[in-house]
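Taken in sequence, the protein lines are chains C and X.
According to the numbering used here, the first sequence is numbered sequentially starting from 1.
According to the numbering used here, the second sequence is numbered sequentially starting from 224.
So the structure is just underneath, and the comments pick up after that.
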Amino acid sequence: MIGRWLRERREEPAWGSDEIGRVVKMGLDSLRAESLSPQTGIEHLRRRILAESLRGAPRTPWAWSVPAAASLFLLAYWLAGSVRSSQPVPVLERPVASAPNEPLGIAGPEEVPRFPESATHVRPDRAVQFAAVARADREERRGPTNLVSVEESALVRSDAAALAAQAAQEGPALIQEEQAALSAQTEDGDEEQIVLINNTEDTETGAAAAVELETSANVLVGG
Amino acid sequence: MDDREAKEDKVNAASLVGNVAHSGSMDSDEALVRQAREGDFGAFERLFERHRVMVYRIAYRMTGRKDDAEDLTQDAFLKAYQNLHRYRDEARFTTWLVRIVTNLATDRARMANRRHSLEQQEATGALDWMTVGNAQEDPAENLERERVGRLIRIALAELPPHHRTMIVLRDLEEKDYQEISQIVGTTVGGVKLRVLRARRALRDKVAELMKRTP
């Protein structure tokens with residue numbers, strides 16, 4: 001078997017002397033004798049070479065990846081710019097003072113650095129409104145937050161009434177005293193009177209007394 | 224027409240012996256390749272004129288269609304021109320060129336299985352206008368030769384591309400084993416074995432066709 005295979009490899013077999021071999025040999029001779037001439041001329045080839053060169057050589061990967069990367073970068077830059085120019089979205093930032101004391105290594109809660117008050121972030125208005133609304137909602141949910149009992153509230157009301165009556169009694173006398181003092185110090189100037197007026201506004205007698213005092217002071221000053 | 228054929232036969236004959244005749248001179252294939260690499264398109268034109276008939280012949284025998292052979296000839300020279308920088312002087316230019324055209328023909332044959340029936344039609348004479356007639360003095364012998372030639376063409380068209388390549392290179396182009404081994408990229412022993420198998424396949428195919436069409 002192996003010897004036969006080697007012999008076949010060594011010797012080129014003939015086509016054979018049978019009918020098939022004769023046909024094959026004649027057919028191959030016929031094909032060899034064919035006169036074949038291409039119609040393709042150098043002009044055709046020149047045009048194709050020119051067209052191929054105009055079409056351009058195949059690009060290397062970096063030749064198209066660089067413009068693609070540049071385009072993506074420009075697109076990302078443009079998107080970032082458009083987002084930045086639009087309406088800013090307020091971010092609720094937690095001030096440092098209210099931040100929970102998180103464990104920072106070995107440092108205890110007392111050693112957590114605290115920023116000065118001026119360095120804390122100013123909460124935006126919307127945040128303030130939000131906090132106020134949230135507080136109101138919470139109070140509504142919880143109901144009345146007054147933990148004072150009924151007796152205590154009655155006591156508070158009676159104390160308030162007593163204080164109001166005392167103020168009503170002492171108020172005119174106090175005003176008269178002050179008017180006397182002012183008339184004695186007419187030369188002291190306007191500033192002191194204004195200070196006096198401001199102080200008077202702080203008293204519990206209310207705005208009516210302050211207005212009355214102010215008019216009398218103006219009369220004394222000579223306005 | 225006769226003058227042109229005679230001229231092309233001369234060119235063809237020159238291409239067959241061209242590698243010996245031109246080797247070592249300024250007109251050799253390798254020298255023309257060097258000039259073409261340096262941008263001299265005229266040198267490439269001379270290479271084209273010198274070898275186009277051989278390339279066309281192989282392309283036609285591989286494809287069995289003249290229009291395909293024309294396309295393949297152009298494709299082969301175009302590919303050769305674009306890859307001149309890859310050509311090494313270790314092999315002859317014609318060997319390199321034949322390798323290009325056989326590879327292109329094999330690729331095309333693999334992609335054109337659906338056109339197989341059309342090729343058969345053409346080979347059996349339905350498209351005889353595309354083939355070149357061969358005038359012979361004896362009409363009876365001419366008829367017989369034509370019939371047998373047609374039979375072989377059908378058998379070749381039905382062979383797998385690798386067998387067809389071997390028959391074309393060895394039995395039609397009559398290239399030696401050494402050159403075929405350079406063209407297909409294998410050893411001389413491997414080429415002999417492939418030629419043997421291809422011939423057997425051709426014989427079997429011809430026998431089958433003879434039974435089919437008595």
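Ideal Cβ positions, reconstructed from N, Cα and C, are used throughout, including at glycine.
All values derive from a computational prediction rather than experimental measurement.
>> Run through chain C and tell me which residues come within less than 9 Å of E261 of chain X, C-beta to C-beta.
In response: Ordered by position in chain C, no residue passes the 9 Å Cβ test against E261 of chain X, which lies about 16 Å from the chain.
> Any chance the stretch 35–54 of chain C sits against the stretch 279–287 of chain X, with 3 or more Cβ pairs inside 8 Å?
Replying inline: yes
>> Spatial neighbours of G21 of chain C within its chain, please: C-beta separation below 6 Å, excluding the five flanking residues on both sides.
In response: W15
> Excluding the five sequence neighbours on either side, which residues of its own chain have a C-beta within less than 7 Å of the C-beta of F271 of chain X, listed in chain order?
Replying inline: F300
> For E19 of chain C versus G372 of chain X, is the C-beta distance shorter than 9 Å?
Replying inline: no
>> For D399 of chain X and R393 of chain X, I'd like the C-alpha separation in whole angstroms.
In response: 7 Å
> Using a C-beta to C-beta distance shorter than 9 Å, which residues of chain D count as neighbours of E293 of chain X?
Replying inline: No chain D is present in this structure, whose protein chains are C and X.
> Where A165 of chain C and A136 of chain C are concerned, what is the direct C-alpha to C-alpha distance, given to the nearest angstrom?
Replying inline: 35 Å
> Using CA coordinates, which residue listed in X:H386, X:R426, X:E313 and X:L320 is at the minimum distance from V414 of chain X?
Replying inline: X:H386
>> Quick check on DSSP: helix, strand or coil for T40 of chain C?
In response: coil
> Do we get a CB-CB distance below 9 Å when we pair Q258 of chain X with the residues of chain C?
Replying inline: no
> Can you give the Cα-Cα distance for R46 of chain C and L295 of chain X, rounded to whole angstroms?
Replying inline: 15 Å
>> I want to verify the contact list: residues of chain X whose CB lies under 9 Å from the CB of R55 of chain C, in sequence order.
In response: Chain X residues near R55 of chain C: none, gap ~11 Å exceeds 9 Å.
>> Can you check whether the C-beta of E214 of chain X is within less than 9 Å of a C-beta belonging to chain C?
In response: Given that chain X is displayed from residue 224 to residue 437, the structure contains no residue 214 of chain X and the question cannot be resolved.
> With DSSP run on the structure shown, which of helix, strand or coil describes M249 of chain X?
Replying inline: coil
>> I need the boundaries of the alpha helix (DSSP H) containing S404 of chain X, first residue and last residue.
In response: Y400 to V407
> Should I390 of chain X and V407 of chain X be called a contact, given that it needs their Cβ atoms to be closer than 9 Å?
Replying inline: no
>> Helix, strand or coil for A328 of chain X? Go by DSSP, reduced to three states.
In response: helix
> Tell me which same chain residues have a C-beta within less than 6 Å of the C-beta of D312 of chain X, skipping the five on either side of it?
Replying inline: E253
>> Tell me the residue span of the alpha helix (DSSP H) that contains A314 of chain X.
In response: No alpha helix (DSSP H) contains A314 of chain X, which DSSP labels as neither H nor E.
> So which residues of chain C does I323 of chain X contact, with C-beta pairs closer than 8 Å?
Replying inline: Within 8 Å Cβ-Cβ: nothing; I323 of chain X doesn't reach chain C, min ~14 Å.
> For the alpha helix (DSSP H) that contains L392 of chain X, what are its first and last residues?
Replying inline: Element bounds for L392 of chain X: n/a, residue is neither H nor E.
>> Taking the alpha-carbon of R284 of chain X as reference, which of X:R426, X:L395, X:R420 and X:R423 has the nearest alpha-carbon?
In response: X:L395
>> Does R142 of chain C pass the burial test, meaning 16 or more other C-beta atoms within 10 Å, or should it be called exposed?
In response: exposed
> Beta-carbon of L255 of chain X versus every beta-carbon of chain C: anything under 9 Å?
Replying inline: no
>> Under 9 Å, Cβ to Cβ, is there at least one residue of chain C near T410 of chain X?
In response: no
>> What would DSSP say about L382 of chain X, mapped onto helix, strand or coil?
In response: coil
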